[in-house]
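See below for the structure under consideration.
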Amino acid sequence: MTLIALAASCFATMDSSSRYLGGFMPVLLFFWARYGFQATVMAVWLAVRGGWRAFATTHPRFQFIRGGLLAATSAMSFYGVQQMPVPEFTAINMLTPLLVIVLAGWWLHEKVSPLRWALVAGGFIGALIVIRPGSGVFGWAVLFPLAGALFYASFQVLTRRLSGSESPYATHFYTGLTGTLILTPFLLASPIPVWATLQVAPAWQIGLMLTIGALGTVGHLFLILALGLAPTATLMPFVYLQIAVATIAGWLIFRQVPDGWAFVGMGVIAACGAAGAWLNMRAAGKPADPVVVDTIAD
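By my numbering, the letter at position 248 of the sequence shown is numbered 254, and the numbering carries on one by one without gaps.
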């Protein structure tokens with residue numbers, strides 16, 4: 007539980023840091039650095055621990071698709087938090103476990119009980135309370151967390167169907183490598199003068215960019231360790247601590263506090279999502295496969 011709380015804190019802090027740094031540096035640059043940092047650190051980790059054999063994978067195509075979905079999820083996060091407050095963004099993004107129920111029923115033909123459908127409906131009602139369509143509170147920006155939740159739910163369902171005996175540490179490396187490979191052409195084709203930007207950037211901006219990469223990498227490692235020690239059913243409710251941490255970080259950094267209706271909606275999403283995830287794992291009757299290392303997406 008301590009590890010999952012630390013992971014949630016890492017991701018909420020990373021989102022808040024990304025929103026702050028986005029006011030000084032192109033988002034694409036530190037988005038690329040986040041995955042480059044993970045790929046580099048995990049490459050060194052694997053090389054030291056097991057040599058070239060530690061990089062072996064039996065499902066390279068699966069690793070690329072999986073990494074691509076996570077990169078798309080992260081893109082929604084990095085750009086989405088520039089457009090709306092982090093707590094509300096985080097809460098809407100936490101619809102993922104509920105979307106997994108829907109996609110698993112449609113794609114994997116898993117039976118969905120009336121109680122699970124009720125939880126899905128409750129979660130979306132919570133999202134509507136946060137968004138309040140027609141109020142003009144967030145506008146089109148809500149598409150970022152909604153798309154992010156859909157990408158990540160697709161990742162979860164794909165992993166459930168295709169995961170095997172891959173090393174979670176090797177998978178963590180390939181996640182970073184895939185994100186780096188996907189983002190590098192976009193960075194090179196963009197008008198961003200990368201080296202010039204880095205040369206004139208103050209040391210604190212470079213440090214914060216590296217910190218964002220470290221928070222993402224370490225946060226997912228905390229998840230690997232947590233999922234190796236306890237079932238996902240036990241840990242999943244603590245994932246929603248990310249909403250609380252994001253709220254605190256939003257107040258400390260941006261002096262932004264969600265209004266009363268937003269708090270109500272965030273609570274509904276957290277309650278329905280945690281209950282839905284718990285029911286899924288209870289029905290499975292076993293701990294989560296350790297290859298599913300990214301319970302929180304970033």
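Idealized CB from N, CA, C, for every residue including glycine. The structure displayed is predicted, hence computed values, not measured ones.
Exercise. At which residues does the alpha helix (DSSP H) containing Thr186 begin and terminate?
Worked result: Residue 186 sits at position 180 when you count from the first residue of the sequence shown. Segment Pro174 to Ala195, the alpha helix (DSSP H) holding Thr186.
For this session: Put Met7 into one of helix, strand or coil per three-state DSSP.
Result: Looking up residue 7 in the sequence shown gives position 1. Here Met7 sits in coil by DSSP.
Exercise. For Met20, which option in Trp123, Tyr175 and His226 has the closest C-alpha, if you only look at C-alpha atoms?
Worked result: Stepping through the sequence shown from its first residue, residue 20 is reached at position 14. Nearest C-alpha to Met20: His226.
For this session: Go through its chain and collect everything with a Cβ distance to Leu183's Cβ below 6 Å, but skip five positions before and after it.
Result: Your numbering for residue 183 matches position 177 in the sequence shown. These residues qualify, in order along the chain: Ala45.
For this session: Have a look at Ile259 and Leu27 and give me their C-alpha separation to the nearest angstrom.
Result: Walking along the sequence shown from the start, residue 259 turns up at place 253. Walking along the sequence shown from the start, residue 27 turns up at place 21. If I take the Cα positions, the gap works out to 11 Å.
Exercise. Which stretch, first to last residue, makes up the alpha helix (DSSP H) that contains Arg261?
Worked result: Taking the first residue of the sequence shown as position 1, residue 261 is located at position 255. Per DSSP, Arg261 is not a residue of any alpha helix (DSSP H), being assigned neither H nor E.
Exercise. How many angstroms separate the CA atom of Trp210 from the CA atom of Ser119?
Worked result: Looking up residue 210 in the sequence shown gives position 204. Looking up residue 119 in the sequence shown gives position 113. Approximately 51 Å between the Cα atoms of the pair.
Exercise. What is the residue span of the alpha helix (DSSP H) that Arg72 lies within?
Worked result: Walking along the sequence shown from the start, residue 72 turns up at place 66. Segment Pro66 to Gly86, the alpha helix (DSSP H) holding Arg72.
Exercise. With respect to the alpha helix (DSSP H) encompassing Pro199, which residues constitute its N-terminal and C-terminal limits?
Worked result: For the purposes of this step, residue 199 is taken as residue 193 along the sequence shown, with counting starting at 1. Note, Pro199: premise wrong, no alpha helix (DSSP H); not H, not E.
For this session: Rank Ala77, Ile137 and Phe130 by C-alpha distance to the C-alpha of Ser160 and give the top, closest one.
Result: Here residue 160 refers to the residue found at position 154 of the sequence shown. The shortest C-alpha separation from Ser160 is found at Ala77.
For this session: Work out the CA separation of Arg59 and Gly256 for me, nearest whole Å.
Result: As a first step, residue 256 must be located in the sequence shown, where it is residue number 250. As a first step, residue 59 must be located in the sequence shown, where it is residue number 53. Between the alpha carbons of Gly256 and Arg59 lies a gap of roughly 43 Å.
Exercise. If you drop the 5 nearest sequence neighbours on each side, which residues of the same chain put their C-beta closer than 6 Å to that of Phe37?
Worked result: Here residue 37 corresponds to residue number 31 of the sequence shown, with the count starting at 1. The residues Phe84, in chain order, have a CB closer than 6 Å to that of Phe37 in the same chain once the five nearest residues on each side in sequence are set aside.
Exercise. Tell me which same chain residues have a C-beta within less than 6 Å of the C-beta of Ala252, skipping the five on either side of it?
Worked result: One-based indexing of the sequence shown puts residue 252 at position 246. Excluding residues within five positions, the ones whose Cβ falls inside 6 Å are Ala18, Val92, Pro93 and Thr96.
Exercise. For the alpha helix (DSSP H) that contains Tyr246, what are its first and last residues?
Worked result: Here the question's residue 246 lines up with position 240 in the sequence shown. Neither: Tyr246 is in no alpha helix (DSSP H) and is coded neither H nor E.
For this session: Pick helix, strand or coil for Met215, following the three-state DSSP scheme.
Result: Numbered from 1 along the sequence shown, position 209 holds the residue referred to as residue 215. DSSP places Met215 in helix when its eight states are reduced to three.
For this session: Could you tell me which of Ala232, Val270 and Leu221 sits nearest to Ile249, measuring between CA atoms?
Result: In the sequence shown, the residue the question calls residue 249 occupies position 243. Nearest C-alpha to Ile249: Val270.
For this session: Give the secondary structure of Thr63 by DSSP, where H, G and I count as helix, E and B as strand, and everything else as coil.
Result: To locate residue 63, count along the sequence shown from 1; it is residue 57. Thr63: coil per DSSP, three-state reduction.
For this session: Measure the alpha-carbon distance for Pro103 versus Ala281 and round it to whole angstroms.
Result: Along the sequence shown, one-based indexing puts residue 103 at 97. Along the sequence shown, one-based indexing puts residue 281 at 275. Rounded to the nearest angstrom, the two C-alpha atoms are 9 Å apart.
Exercise. Given a threshold of 16 other Cβ atoms within 10 Å of its Cβ, counted over all protein chains shown, does His178 qualify as buried or as exposed?
Worked result: Counted from its first residue, the sequence shown places residue 178 at position 172. With 16 or more Cβ atoms within 10 Å of its Cβ, His178 is classed as buried.
Problem set entry | Delimiting residues of the alpha helix (DSSP H) encompassing Gln44 | Taking the sequence shown and counting its residues from 1, the one referred to as residue 44 is at position 38. From DSSP, the alpha helix (DSSP H) with Gln44 extends over Val33 to Gly56.
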